[in-house]
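In what follows, a single structure is set out as structure tokens and then discussed.
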Amino acid sequence: MSLESTEQVDTFQARREIDRLIVHPNFVPPTPATEHPTMPTDQPKQTASAEPAAAPAGGLTAGAAQPPAAGLLYPRTGPTDFLECVRLGHPYPPAVHAALGREKPLLEVQDFSLFYGQSRALYSINMSIPNKKVTAMIGPSGCGKSTLLRSINRLNDLIDSVSVTGDMLLSGRSVYAPNVDVIDIRKRIGMVFQKSNPFPMSIFENVVYSLRIDGERRKGVLEQTCEKALRAAALWNEVKDRLKESALGLSGGQQQRICIARAIAAEPEVLLMDEPCSALDPIATLKVEEFIREIAGRITVVIVTHNMQQAARVSDYTAFMYLGRLVEFGPTADIFQKPKLPETEQYVTGRFG
Amino acid sequence: MARRVTSQRVRFLDAASRVVITIGGVGIVAAVLAIMVYLGANVLPLFSSGRLVAAQTRGVTLAGEPVLGVIDEYRGGTLFMLRDGRAQGVQTDSWTTFAPEGVAVEGGKASAISQVNDAGSTAIGLGDGRVQVVTFGFETDFIAPEDATPAMKALERGQRLTLDAGYVEMTPQRQLRRTVPKVVATAPVELGAGSGGVERIDFRASSGAQYLVVLRGDGTLVFNTVSITRPLGGGKPRTRLESEVIPFASPKGLPAVPDYLFAKDGGTQVLAIWNDGTVQRYTKPLGEQWQLGETTDVLPEGGRTITAARMLLGSRTLVLGDSAGEVRGVFAARSGTMRTPDGEVLVVAHRFETGYGLPITAIGNSMRDRCFVVGDGGGNLVVWHMTSGKEIVRLARALPGAIALASVAPKLDGLGAIDAQGKMVSIAMGVGHPEASVRALFGRVWYEGDPAPAFTYQASTGEDTAETKYSKVPLIFGTIKATLYAMLFAVPIALLAALYTSEFLHPRVKNGIKPVIEMMASLPSVVLGFLAAIVIAPIFRDILPGVLTSLLVVPAAVLTGAYLWQLVPIRVASRLSNVQHLLLVVVIVLVAGVASIGLGRAAQGVLFTPTADEQLVMAGSTRVVPRAEWPESLRDVRSLSAEQARPFRGEGFYYRDGGLVRPVGDIREPATAQLIAINGLDRADMRLWLDGVIGGPWPGWILVMTAPGLILTVLLRARFVDPFVQALPFARVGISAALLELGKFVGTLVVGLGVAGVLAWVVTASGLDPRDSILGSYTQRNTLVVGIVMGFAVIPIIYTISEDALSAVPGQLRSASLGCGATRWQTATRVVLPIALSGIFSAVMIGLGRAAGETMIVLMATGNTPGMSMNIFSGFRTLAANIAVEMPEASKASTHYYVLFLGALCLFALTFVVNTLAEFVRIRVRRRSAAL
Ligand SMILES: Nc1ncnc2c1ncn2[C@@H]1O[C@H](COP(=O)(O)OP(=O)(O)OP(=O)(O)O)[C@@H](O)[C@H]1O
Ligand SMILES: [Mg+2]
């Protein structure tokens, strides 16, 4: 039996199915038992559920519809055929490697779903991001990596049509509960965006922006921070003589590194990087990767990348996402060398439809 | 694969659109330029001087020495008065002479002859002491065709036929117009006082009254009010005189008879002038007797003498020519501090140089305006306009000999002069616009009677003989004043609203609100002006203290609300939707607005309640303070004004009717108490304070200093207090931080008001009063009302454009900023606002342009008085309103007409300059965010 060929055909079918489901404006996501019952509504505010997720969270083993597969942290409940799930618009039970159970989670994503208006971008994601480790997120374009990343520091709040269900816990405290201070959460998280977005200010002001908004005025502190951040972003030597010049005068790659410097200047606990190296040349990429490796022991990094080698090089753990669902999550080496699911294997080996 | 081609249709559309766009663009530029050129073309005539058209010189033989010369309206003839009182005419086209009927002198010998006055009459003094009033000039009528002689009928258009006396002209409308000399002498009359022949005489007519001043041989100076009656049955009109004697005495060392004698200023002043420049001014202050007002020297330069003198139209300004070829314009000016009985003082306001250095021998004045011609010993003629200082025409060596007489034609289109040898010149000229010059339009001009040169605009006056004042400066000032106050009101509101809608409001709400505000822009400004004048102005007058208080209270209330909001637990706070949030703010603003009416009234009670003394003064329970007991610095002041007396209120002196009074009695006395109760004299009233009736400078300074005090406090706090507070352990998060911020805010408010009080005290101590500058008497339609209403007119424009600019800021920058942990407000002010700055700048500038050109609102909601007062409670007149008000009454091609065009050009230039500057700034601002 040629697994590859059947899979490919099926993938095509699935794609069409998805297009029909997602694009259709009147589509209402079905609510299977495993899914969190809250539905997206028209109201502008996000509806966030503070109730604890019914589905198993990282570290716990609950429900036993199927016997636990070897090496999984917890058994996969519900239908495990990916295409079937997609066709029905169901969430997918991910294969979470047992190795994650040994890690202390910093961020726990609990049954998190996200809707852009009527269309669903994330399907009841459950995952625990390990503390002070580098987690890579891979997956084909449009699978919801950026969406998930932006949900962590609640930047999706800015998009009016967005509504979410489920919750995330940052160091055990809810991110989506009504009484949280969003600003406080964001101050603990640094973010590098997929498209570079430096402010139209001087290089210096760009880098120390986070400190400025915290009311830092001491020149010495600002300068020190700026240099440190720029060095980490492998940019110091290029811009040290022109800190007062506009950041917009830099090349695209330099601008992206300014954004990296800006994100790490305030020494966040978590660093979210959305394809940080997509505009960088190999040397700069290498430097950024070195930096990530260097800080890995100290802060938690979540990095989205389309570059498998990069994911392999920098990350401790890798999560594979597909069509708004977490498919497989485990130690990087395992994901790339002996993935548990065929979808993952196809993707990482490049035989993906 | 087929080669891709661009279809013919697409090519055609591309070319066509390019042509259309080019035509449109060029057309707009051309249209703007055309407007500029048109305005410029309509303004240029103002600045051109007069020009010479033709000059004809002939020798004429007169029967004696001419002392007066009058040219007829159509410049066909000149009528001379000879030294002996007889009249003789010269036809200046045929150069024949004639003697008019009606002999001026009857049974006596003329010993003095006055200048022809504004009514066309002269007075002749006889050697026997009698005087005779003579109408001296020309008269025109039309000959009916049946009365016309064949010679007349044969005339072509514009041709003239010389008569025995005068001439007939065929007008372009083919009418026969006859111009004949008219010399009507009244019977000589005796003066009511003095004896001896008439030595000097002057006869004036102004606004219906005629008066005659005569110096007789025995040294009696007689002032006569003249009334002329015409007997019913025909015959000579009779003159009646009412005589008063002026106590005249010539200064020591000077001849008993002055060289010139003039009456002036509506018969309230008489000038006696000696050749050395000494001038005695006799005056009759209201309700007093004739007395010597002052003796001055108008010719301080030694070695010169006065060689000619003439009174200009209006009988207020005297022109004096001296032996060195210099000409001075002299008039009596109001002066509060000089020691003269009438508070006026003679000033040399204007000076002119012929440039030839020869003595002035003749001066002639225009009967239309303040133009005059001078002739000098070398036969040179120069025409000037006194007020504007503009040289109209200059003729070097118009005649070979010294000019004996020079006259200006009635329509200002010609001159006539005769020299000592009997050579006569008749000159045709174009006068242009004598009243307009760069100095007269944009500089300070010294108008008759004013204490000093000033910027004045007064295009139309009640009297024909009054000066027209065309200074554009008060109008430009009014325009800037209106614009400034409107922008002060509109810009903060519009920008905050734009920031709020673009950064904080949910898009769905925003999509509802924006069109509503944009609809406000389409509200006709005449409606706003109407509302301002009829509704808002009276309300403001009634709740003035409340309006002023609200300027502080409403923002303070909103901010306090915001700080208190920080104390609300986030669980409760986040339950409120955006719209509810907005409603909460609206409620706060409304409540604060209503509260400030009450607060304003309370503040008025504290600051502007009349003291017991002031109540007594208002009730009239006062004692007049004799001048000897006045404060030192006021003792010499002749005509005391309320402003001069105001600083001495603290010492118990109050102003009343040009003098000082002290309050006496007690407000508890039944009669006084009743008076106070009936008239409500004990009621606090800010407008009384503004009018200067009550109170010292201090309360007003508090109002003025509140804003600077608060700003200073905020700056000082940011510099010295904030760094310290920031370092406190509990200053960063939670309730404690919110409380701290609230405390800081309230503290700033309190300290700021305290600082304002201190500042107010300091300026008060330095003797300044805000009522002399930015505050002052309250007029109902004032700058504050216009500022606010016009602010409403420009808010929608500024709001819409700046909201667009803010919304155009890329969302990823907002994400970046928020991702760094910035609040929405920090994001808005630190990232969004700077990027949108160039767009916001454009918005403000477009609003500015709209405010500057706005006509209807200022027209309806200000008093339209062109003034230069900084007072925000006074009216003003803008360039645009001025054009709207005066265009209908300005006759085409008149000076006034062109001056209005100049106003339009000024407005154009003003907005052009502002917009150009703005564009420069905008480009600079934009360069920073160019690479976005
Ligand atoms: N602002 C938005 N409004 C509506 N739909 C959106 C929005 N942003 C993303 N989506 C949809 O959500 C899905 C996930 O998008 P997301 O940007 O998270 O993908 P991604 O995994 O980051 O892809 P890429 O690798 O190409 O960056 C996509 O189908 C996309 O069309
Ligand atoms: Mg992405």
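For the record, the sequence lines run as chains Z and Y.
Per our numbering, the first sequence starts with residue -9, numbered consecutively.
Per our numbering, the second sequence starts with residue -2, numbered consecutively.
Virtual Cβ for every residue (Gly too), placed ideally from N, Cα, C.
Of the listed residues Y:V102, Y:A819 and Y:E916, nearest to D171 of chain Z (C-alpha basis): Y:A819
Contact test: V152 of chain Z Cβ vs ligand 2 heavy atom, cutoff 8 Å: no
Check: H87 of chain Z C-beta below 8 Å from any heavy atom of ligand 1: no
One or two residues paired with S236 of chain Z in a DSSP bridge: Z:S192
G180 of chain Z at chain Y interface by Cβ criterion, 9 Å: yes
Three-state class that DSSP yields for E7 of chain Z in the structure shown: Reliability of the predicted coordinates at E7 of chain Z is poor, the pLDDT of 46 falling under 50, and no value is obtained from them.
Short CB-CB distance (under 9 Å) between P168 of chain Z and chain Y: yes
For V338 of chain Z and I325 of chain Z, the rounded distance between their alpha carbons: 8 Å
Spatial distance of T28 of chain Z from R92 of chain Z (CA atoms): Below a pLDDT of 50, predicted positions are generally treated as unreliable, and T28 of chain Z, at 38, falls in that range; the measurement from the model is reported next regardless. Approximately 32 Å between the Cα atoms of the pair.
9 Å Cβ cutoff met for N868 of chain Y and S799 of chain Y: no
Ligand 1 heavy atom lying under 8 Å from the CB of T19 of chain Y: no
The stretch 182 to 205 of chain Z: positions lying closer than 7 Å to chain Y by Cβ: F183, K185, N187, F189, P190, Y199, S200, I203 and G205
Beta carbon of A253 of chain Z nearer than 9 Å to that of G816 of chain Y: yes
Run of the beta strand (DSSP E) containing T137 of chain Y, from where it starts to where it stops: V128 to I140
Reduced DSSP secondary structure (H/G/I, E/B, other) of T314 of chain Y: coil
Chain Y within 9 Å of I173 of chain Z, Cβ atoms only: yes
Cutoff 9 Å: G818 of chain Y Cβ touching any chain Z Cβ: yes
Chain-ordered neighbours of L815 of chain Y on chain Z, where CB pairs are closer than 8 Å: L145, L148 and R176
Any residue whose CB is nearer than 6 Å to a heavy atom belonging to ligand 2, listed in chain order: Z:K135, Z:S136, Z:Q184 and Z:D264
Under 8 Å by beta carbon: chain Z residues contacting S733 of chain Y: The contacting residues do not exist; S733 of chain Y stays about 14 Å from chain Z at best.
Buried versus exposed, by CB contacts within 10 Å (16 or more), N508 of chain Y: exposed
Minimum Cβ-Cβ distance from C249 of chain Z to chain Y less than 9 Å: yes
Alpha carbon of A463 of chain Y to alpha carbon of V791 of chain Y, nearest angstrom: 40 Å
Chain Z residues whose Cβ lies nearer than 9 Å to that of H578 of chain Y: Here the premise fails: no neighbours, minimum Cβ distance about 12 Å.
P607 of chain Y at chain Z interface by Cβ criterion, 9 Å: no
Beta-carbon proximity list for E68 of chain Y, same chain, < 6 Å, skipping 5 on both sides: Note that residue 68 of chain Y is Ile in the sequence shown here, rather than Glu. Correct list, in chain order: T75, S404, A406 and G413.
The stretch 149 to 166 of chain Y / the stretch 176 to 189 of chain Y touching (three or more Cβ pairs under 8 Å): yes
Bridge partners - M364 of chain Y, DSSP secondary structure assignment: Bridge partners of M364 of chain Y: none, in fact.
Interface flag, R252 of chain Z vs chain Y, CB-CB below 9 Å: yes
Any non-hydrogen atom of ligand 1 within 8 Å of H503 of chain Y CB: no
Where V371 of chain Y sits in the DSSP three-state scheme: strand
Inter-stretch contact (C-beta, 8 Å, three-pair minimum) for the stretch 305 to 314 of chain Y and the stretch 286 to 293 of chain Y: no
Beta carbon proximity, G595 of chain Y to chain Z, threshold 9 Å: no
Heavy atom of ligand 1 within 8 Å of P489 of chain Y beta-carbon: no
Beta carbon proximity, A323 of chain Z to chain Y, threshold 9 Å: no
Where R436 of chain Y sits in the DSSP three-state scheme: helix
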